[in-house]
Each structure stands twice: as structure tokens, then as C-alpha cells.
Amino acid sequence: MLRKTLISCLLAGVFVSPAAASQQLLMPGVTYERKLQFTRFGPQALHVLMAPKPAGGLYGVKPVLSNGAVLGTERVTAMQRRAEASATVAGVNGDLFTWADGIPSGGLIQDGVLRTTPHPRRSLVGVDTSGALRVEKVAMLGTWQGSGPRRPVHLINRQAGPNATTLYTPAYGPTTPANTGAVEAVLSPFPSATPNTDLVGFVSENRRGGTPIPPGGAVLASRGTQGQRLGIEAAATQLVTVRLVLRPEWRDVPEALGGGPELIRAGKPIFRPLEEFSTYQLSRRHPRTAVGQRADGRIIMLVVDGRRPGYSAGLTHFELAQTMLRLGAVTASALDAGGSSAMAFDGKLLSRPSDSGGERAVSESLLVMYYGVYAPDTEPSFSPNGDGAGEKQSLAYKLVKPSTVTATLSGPDGVARTMDSGSRRPGLYTFAWTGRRSGNGTEPEGRWRWEITAVDAEGRRSTADRSFQLNNTLGFLSARPARVVVRKKRGGRLLIGFALTRPARISVTIRSKTGQLLRVVRNANAPAGKVVVIWDGRYPNKKPVYAGTYVANVVATNSVGRAELARSFRVVRR
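Just add 906 to the spot in the sequence shown (first one is 1) and you have our numbering.
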């Protein structure tokens, strides 16, 4: 089996050596890792999100519609910001969609309600009530019946062609399309479009297109011969029964969205998915998005950047399948790709979309939803030493459900200091910690842990924590003069001064304002006391730097931990 996998990887051209990558904790149980891999087709930038199995109440994986409606598009980051009041979220773009109106190409199920019709020749990707990821082709067989026999319902919230019928629900948008020749029956009240059950309502009125869709109602719209039948058999006051049958039924799948093609089934990659996608979509290297599940139930979300030579080439369909296999997926599906591919956390991009305008507006996103207590990241270290830099540590926690909370801060002395406790409503709670004792002096230097435990009204317990260093080793950084004159032959002169309270290994560097390393000025051990380092205004090749804004960065490392300070300055050329 190992030999077969190795051969497959070599054939795909993606048996690679990953560059060093570090895993970042986004929220409890959910990690993000950026990996850079080198292949014979060029480098590949991978963004990997791992989340617990969506079972037990604290985690979910759900599709989110752009602007809360089937019509239109919205960026993944904007969808996340809308969702942040109900959960802490991370995720990726969702299904393919039509450019003209933003309607998803495949099916959408939210909270067990059918929002759009599944594509019969593409996969539907869902999470069942046990937390298992399901990837299958699902077809819808819809009917309506008024005063005559059963008639077909061809589509949900998607404009039908001639001689066809669509059921429009409030999820579509405010009104039905203004189609010439349309015959429409307004059903009000009418139940949510739950599949595999009878949906019954009375016709309140008949219209001819562009009909307002009533809240708690729906509109049946037909054209051609189907429109003639609708006008006769679904007249005002008529009782109408609609039935939307899924095959397979998927009764235990409350959340799903369209996607495809299927990548991995029962632990084996799929070379020919036999789904309705073009050769261009499958065989060319593009940015890609995928979702999968490992044997232990953990969810994998992957975005591969692409269309950026020298940075990331992108993958073919089968290379994407191989990559998901290497990440441990036993079930997986692709989602929309190309410029739509995006990964974000808490409304901020993690990936690098390929469109020249940046992140693309899309029809849906697929999000990991975390409903427990969340602690935003802290500064890695702070130093309450009176130099005016990093004097306070910002601590916070977020609740999305009413909960009983205990928040503590524990230091190297092993003592837990209670910062907050009691019943708290949903919201963000913030604290500024000075690191100083109530009497005099500072708290012990070293590693500190910010920990919050919350129990919600349903008895679900969650914990979040963050660690940081209280470290006074480094302080009083200066970079003088603030405006450095650099001459072509003589260079320049910048004095970088700082104080060490104890011996440390120091690294003094010059960086661009975006963080790019330009010059290592000093990398050595230094004793306690005042330190001054001189930079000559040149690159490592001895050429003078260009005019602009730069940053002097100092890192001090010792047994207490790592401390870092930075100071910006300007360079002018003469």
C-alpha cells in the first residue's frame, strides 16, 4: 500500500519536501498551518486548517450564504464578520456559482432546510448528525399538487427554463425574477422547504412575475405549459401540497453545500471523478479549495494558492486529491477553485487569492463554527519596565452564549490570580494587565498563562487559554537620528541603543516596514547594561539603502524567554 501511494505521488509530480512550517492555534482545538512545498512544477503554498470532529455541541461545520440570501455574492471575510456574534469561525469558500446572479451551482441545505436544488451530476458535500463528512451525488425529485394530479417541481430558488416550475422561498431574496410569461402562485403561510415531507399551504394570490416572496411563505413559478397548469390548478384559496424528495434521502444531513469533484472515497484518491466538470477545470493547475475528514473524525480544510509563478503554481484535480490524502483524509471533496479560493479566520484572510483585485466575492462559504469560550491571541511578551513600550498586556475572552465564567492568570510562581468570575452574557470582555502588584514592584518574570473556563446554559464546558512572557530583559530602545541621511559613497549612521537587565543573546536587524529582513547588524551575546549598535546605512552588499521607512528590530533571548522591541526611522538619500 505504501509503495502504491509513493508511485501515485511521483506520477502526480507532487512528492515534495515541505519547508519548515509552524502550527498556529486559532481557537480551542482548531489549528492553522502554512506549508511551502517544492515540486518540479514550481513551489506550492498550502494553507491547512484542522478542526475537531463536528459533534458534541461545541463545534459545527456549516455553509453560510452571501448576505444571508441565495442571490448575490460576498467575500468570505465579510461572511465571517457577520457570523462572529453566533460563533468563532474559520473556513473557506464554498460552491461554484453563476457570475450573473451569484446563485450556487449545486444544492444547499441549512438547518435541514433545502435552499437550492442539488446538481444531479456533481457532488453534494454535507455533515451528518454524527459529525461524519458525506460526499455523494444527490438528486431532487419535486412535485406540487393542487386541484389536479401531481406536477413536477424542477428547481428551488433557481430560475427555470421554458415549461418548468421553480419553488422560490424567502432564502432566494425579496422577489421572484420579473420573467415575461411567468405564472406564479403565492403560498402563504407555507412551511420551510424541508425535504422528504409534505409541505402544505394555501394560495393567497396569483401573480405574473416579480412577485414579493412573503416571510413564512413561498412562491410557485412556472412558464409555458407548466404555467398554464399552475394558473388553473393553483388558483387563489386552493390548497397546494409540495414534496421535495432527495435521492438518496440524506435525512440525517442537516448541513450541506454543493461542491465537487469528489477527491477521496474510503481512503483512496479518485483519478476520474465522473462529474460534470471540464478538462480545463480538472487538468490545469489552479488555486484550489478542498474539505475532507480524517479517520479520527477531524476536519481538514485546504486552500492552495496558485497562478503566481515563483510563489505558488497551483494544483490539478488529482494533485489536490493526493495532497488531501497526505494530510490524512479518508473522505474529501473539492470546492470552488481559481480566484474564488480563499481561507480566513475571524474575518481576516489567511491565504493569498489570485485575483488582481484581491479576495473575490463568492456565493457561499464553508465555516468551522466554535460555540465555546474563545480567547484572542495575546502579545508574545511584554515588559512593564517604565520605558513606555509594551507596558500592558491586553487580555480578553469572547462568549457567544450566556455562560458561567472563571478567568484566571497564572505565573511562574504557580499562583492563579482570578481576573473575572460569575454569570456573563454573550460579548467580548477585555482586561488591561499592567504586570504590577497592588503594593510595589512587578509580578514574577517568566511564562504566564491566561485561562478561561465557561459553562453554558446547556451544561457544555469549554476552556480557552493563551500564554505569554513577562520579560523585563530588554527595554529603552532608541534609533537615532529618526531621519538618517545616507550618501552614495559614505553611507549613513544610525545609533541603535537599548538596555539589558541581564545577559542575553541579542539579534539586531534592519527590516522593511513590511517586515522583510534587509540586514543583520549584530548577532552575539551581550552583558547586562546599556548597548549601542551602529548601522552604516548599507545593504549586506555594501550598497547604500534606498530612501524610505525602515525598522530597527532587537530580539533578546535568555533563560527568562524571548523579548522583542522595534523602532521605525526614515532614510533620505543625498
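Ideal placement from N, C-alpha and C gives every residue a C-beta, glycine not left out.
Burial of glycine 1052 is indicated by the presence of at least 16 other C-beta atoms within 10 angstroms of its C-beta. For leucine 1272 against glycine 935, the beta-carbon gap comes to about 17 Å, at or over 8 Å, which does not count as contact.
DSSP places phenylalanine 1475 inside the beta strand (DSSP E), whose first and last residues are 1467-1479. Taking a 10 Å sphere around the C-beta of serine 1327, we find fewer than 16 other C-beta atoms and assign the residue as exposed. Between lysine 941 and leucine 932 the beta-carbon gap is near 16 Å, outside 8 Å, which marks them as no contact.
The three-state secondary structure of phenylalanine 1337, taken from DSSP, is strand. Apart from the 5 residues on each side of it in sequence, proline 1409 sits with its Cβ closer than 8 Å to the Cβ of Asn1431, Ala1432, Pro1433, Ala1434 and Asn1464 in its chain, given in chain order. In the DSSP secondary-structure assignment, serine 1300 is bridged to Ala1338. Note that the segment 1066-1073 touches the segment 1113-1131; at least 3 beta-carbon pairs, one per stretch, sit closer than 8 Å. Assignment of beta-bridge partners to histidine 1192 by DSSP yields Leu1221. At a Cβ-Cβ threshold of 8 Å, serine 1300 and alanine 1360 do not count as neighbours. Straight across, the Cα-Cα distance linking threonine 1324 with glycine 978 is about 47 Å. Arginine 1027 carries a coil assignment under DSSP once its states are collapsed to helix, strand and coil. Counting C-beta atoms within 10 angstroms of its own C-beta, arginine 1194 has 16 or more neighbours from the protein chains shown and is therefore classed as buried. Between the C-alpha atoms of serine 1257 and serine 1246 there is a straight-line separation of about 11 Å.
Only residues of its own chain outside the window of five on either side were considered, and among them Leu1105 have a CB closer than 6 Å to the CB of proline 1097, listed in chain order.
A direct Cα-Cα distance of roughly 5 Å separates leucine 1424 from arginine 1417. By the C-beta density criterion, asparagine 1346 is exposed, having fewer than 16 other C-beta atoms within 10 angstroms. By the criterion of a C-beta distance shorter than 7 Å, glycine 1263 is surrounded by no residue of its chain, once the five residues flanking it on both sides are discounted. Nearest to valine 1268 by C-alpha distance, out of Pro969, Thr1185 and Leu1039, is Pro969. Scanning the segment 922-974 from its first residue to its last, the whole beta strand (DSSP E) runs of 3-plus residues come out as 929-933, 936-945, 948-957 and 965-971.
In the assembly as shown, arginine 981 is a buried residue. Its beta-carbon has 16 or more other beta-carbons within 10 Å.
Taken through DSSP and simplified to helix, strand or coil, serine 1368 comes out as strand. Taking the C-beta atoms as reference points, alanine 1250 is found no nearer than 8 Å to threonine 1081. Alanine 1142 sits in coil when the DSSP states are folded into three classes, being neither helix nor strand. Sixteen is the threshold: when 16 or more other Cβ atoms of the shown chains lie within 10 Å of the Cβ of glycine 1398, as they do, the residue is buried. Proline 1175 has its alpha-carbon roughly 7 Å from the corresponding atom of glutamine 1228.
Going by DSSP, threonine 983 is part of the alpha helix (DSSP H) stretching over 982-989.
A straight line joining the alpha-carbon of proline 1120 with that of arginine 1153 spans about 29 Å.
Residue burial annotation: tryptophan 1005 is exposed, with fewer than 16 other C-beta atoms found within 10 angstroms of its C-beta. Taken atom to atom, the span from the alpha-carbon of alanine 993 to that of glutamate 939 is near 21 Å. Taking 8 Å as the cut-off, the beta carbon of leucine 1233 is found no closer than this to the beta carbon of valine 1197. In the displayed model, leucine 1423 falls within a strand according to three-state DSSP. For tryptophan 1441, the beta-bridge partners assigned by DSSP are Leu1400. Taking all protein chains shown into account, tyrosine 965 has 16 or more neighbouring C-beta atoms within 10 Å of its C-beta and is therefore buried.
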